Amino acid sequence: MTMTEAPKGLITGVEDPVLRLAAVEKSYREGDGVLPILRGAAFELYAGEVVALVAPSGAGKSTLLHIAGLLERPDSGEVVIAGKACGKMDDAQRTAVRRTAIGFVYQFHHLLPEFTAVENLVVPQMIAGLARKDATERAMQLLAYMKLEHRATHLPSELSGGERQRVAIGRAVANAPKVLLADEPTGNLDPKTSHYVFDALSALVRATGLSAIIATHNHDLAARMDRRITLEDGKVVELE
Numbered sequence: 021m022t023m024t025e026a027p028k029g030l031i032t033g034v035e036d037p038v039l040r041l042a043a044v045e046k047s048y049r050e051g052d053g054v055l056p057i058l059r060g061a062a063f064e065l066y067a068g069e070v071v072a073l074v075a076p077s078g079a080g081k082s083t084l085l086h087i088a089g090l091l092e093r094p095d096s097g098e099v100v101i102a103g104k105a106c107g108k109m110d111d112a113q114r115t116a117v118r119r120t121a122i123g124f125v126y127q128f129h130h131l132l133p134e135f136t137a138v139e140n141l142v143v144p145q146m147i148a149g150l151a152r153k154d155a156t157e158r159a160m161q162l163l164a165y166m167k168l169e170h171r172a173t174h175l176p177s178e179l180s181g182g183e184r185q186r187v188a189i190g191r192a193v194a195n196a197p198k199v200l201l202a203d204e205p206t207g208n209l210d211p212k213t214s215h216y217v218f219d220a221l222s223a224l225v226r227a228t229g230l231s232a233i234i235a236t237h238n239h240d241l242a243a244r245m246d247r248r249i250t251l252e253d254g255k256v257v258e259l260e
């Protein structure tokens with residue numbers, strides 16, 4: 021399988037935004053006061069887009085990703101994923117949307133250390149109800165797509181940093197989400213490996229219609245994405 025071939029079962033593009041944030045507000049209590057983080061943040065993400073989120077530490081990047089990924093609730097405003105308004109959903113409904121529509125990649129890979137690379141991709145699919153045989157077939161497709169099929173039976177401790185992060189990306193898209201949210205996914209990697217991992221991630225997005233928001237401090241990588249956004253005074257601002 022080449023980097024221009026997509027694994028089976030991933031989504032195709034649609035015209036409406038797959039993710040929309042509308043007038044999102046979020047504050048945290050700090051001692052006796054309140055610390056506002058997001059102040060009417062609004063944003064739309066379309067199928068096939070790779071968007072860089074570039075902002076200083078403390079500006080609210082992680083908060084924005086957590087709210088977009090339904091890990092936190094906004095104080096007000098709305099989060100719409102694949103046409104579904106999620107603001108008034110209960111916890112069980114939000115969990116169901118996260119499992120089917122959202123994939124997460126973090127700075128640290130968070131792979132299960134006792135499982136092999138392929139097993140790390142099989143487990144979330146089986147949790148979602150897929151049979152082991154089908155989950156394994158799909159996991160091997162994704163590993164092949166990420167040029168890791170020869171490392172399928174290796175434990176995370178036997179993989180390089182870049183290999184572990186590519187496995188984490190494969191795991192994040194194993195259940196065919198519509199949106200991938202990545203928080204500094206190459207932050208622990210050297211520049212050469214960072215570019216290789218980003219290339220693999222970008223190719224996956226392009227080939228499948230998946231959409232991604234990638235928070236990064238790497239301006240070279242950010243410049244290669246479709247759009248760049250930042251946070252200013254709690255609002256999402258497009259960068260030139």
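Residues 21 to 260 (this note's numbering) are what the sequence shown spells out, left to right. Just so you know, even glycine gets a beta-carbon here, dropped at the ideal spot from N, CA and C. Computed from a predicted structure; not experimentally measured.
Taking residue i as part of the alpha helix (DSSP H), name the residues at either end of that continuous run.
i	result
E183	181 to 193
L209	Careful: L209 lies outside any alpha helix (DSSP H) and carries neither H nor E.
R244	Element bounds for R244: n/a, residue is neither H nor E.
Y165	152 to 165
Mark residue i as exposed unless 16 or more other C-beta atoms lie within 10 angstroms of its C-beta, in which case mark it buried.
i	result
Q113	exposed
E260	exposed
T206	buried
I31	With a pLDDT of 44 at I31, under the threshold of 50, the modelled position of this residue cannot be trusted; read the value that follows with caution. Counting Cβ neighbours within 10 Å, I31 comes out buried, since at least 16 surround it.
E183	buried
G197	It is Pro, not Gly, that sits at residue 197 in the sequence shown. The residue in question, P197, is buried, as its Cβ has 16 or more Cβ neighbours within 10 Å.
V158	Checking the sequence shown, residue 158 turns out to be Arg, not Val. Result: buried.
I147	exposed
H129	buried
T24	At T24, the pLDDT of 38 sits below 50, so the modelled position is not reliable; the number obtained from the coordinates is stated separately. Flag for T24 reads exposed.
Give the C-beta separation of residue i and residue j to the nearest angstrom, bearing in mind that I take them to be a contact with Cβ-Cβ under 8 Å.
i	j	result
V193	L150	Incorrect: roughly 14 Å between the Cβ atoms, too far for contact.
Y66	V44	Y66 to V44, Cβ: 18 Å. No contact.
K106	L91	This sequence places Cys at residue 106; Lys is not what is there. 12 Å between Cβ atoms; not a contact.
R119	N195	7 Å
I122	V199	5 Å
Y48	L55	5 Å
G97	L41	7 Å
Could you check whether residue j and residue i sit closer than 8 Å to each other, using their CB atoms as the reference points?
i	j	result
L84	A102	no
G68	R244	no
G254	G80	yes
L168	R186	yes
A137	A172	yes
P176	L131	yes
F124	V256	no
V99	I87	yes
N238	S222	no
P76	K46	no
Y126	D246	no
L224	G181	no
M166	A116	no
Which residues bound the beta strand (DSSP E) around residue i?
i	result
D203	199 to 203
E139	Not the beta strand (DSSP E): E139 falls in the alpha helix (DSSP H), residues 137 to 147.
H255	Inspection of the sequence shows that residue 255 is occupied by Lys rather than by His. Segment 255 to 259, the beta strand (DSSP E) holding K255.
V117	Premise fails: V117 lies in the alpha helix (DSSP H), 111 to 121, not in any beta strand (DSSP E).
A102	Note, A102: premise wrong, no beta strand (DSSP E); not H, not E.
L55	53 to 65
L39	39 to 50
S231	231 to 235
Check whether the Cβ of residue i lies closer than 8 Å to any Cβ atom in chain B.
i	result
P205	The structure shown contains no chain B, having only a single protein chain.
How do the segment 66 to 78 and the segment 227 to 235 stand: do at least 3 beta-carbon pairs fall below 8 Å, yes or no?
In short, these stretches touch, since the Cβ pair count reaches three.
Counting Cβ pairs, one atom from each stretch, are 3 or more of them under 8 Å apart for the segment 125 to 141 and the segment 180 to 197?
yes
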